[in-house]
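**Student:** Take the sequence shown: its letter number 24 is residue 102 in the numbering used here, and every next letter is one higher.
The following block contains the structure, expressed as structure tokens.
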Amino acid sequence: MRETDQPANIQSAYLALRAGPAATRMSVRVTPEGIWAIAGLVSGILLSTAVLVVAAKRK
79 MRETDQPANI QSAYLALRAG PAATRMSVRV TPEGIWAIAG LVSGILLSTA VLVVAAKRK
């Protein structure tokens with residue numbers, strides 16, 4: 079078996095919330111590449127927010 083044929087190491091999470099009459103259930107499955115993509119997106123959001131805060135304080 080070649081290395082590319084091996085199954086991906088998939089991370090998964092499950093969350094169930096209940097608040098009074100409202101309830102929700104969520105699940106997610108992510109590959110290691112997906113985790114890196116999410117980390118890149120979050121980093122970009124945090125960096126752009128910091129730039130906006132600095133720009134807003136200058137005025």
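Where is the CB? At the ideal position from N, CA and C, for every residue including glycine.
On a predicted model such as this, the values are computed, not experimentally measured, just so you know.
What residues in its chain sit with their C-beta under 8 Å from that of ILE116, if we drop five residues either side in the sequence?
**Tutor:** Excluding sequence neighbours, ILE116 sits near VAL108.
**Student:** Nearest to ASN187 by alpha carbon, out of VAL129, ILE113, ARG96, ALA94?
**Tutor:** This structure does not reach residue 187, given that the chain is present from 79 up to 137, and the question cannot be answered.
**Student:** Note the first and the last residue of the continuous alpha helix (DSSP H) segment covering THR109.
**Tutor:** Note, THR109: premise wrong, no alpha helix (DSSP H); not H, not E.
**Student:** Closer than 6 Å by C-beta to ARG103: which residues in its own chain qualify, once you throw out the five before and the five after it? Chain order, please.
**Tutor:** Within the same chain, ARG103 has close Cβ partners ALA94.
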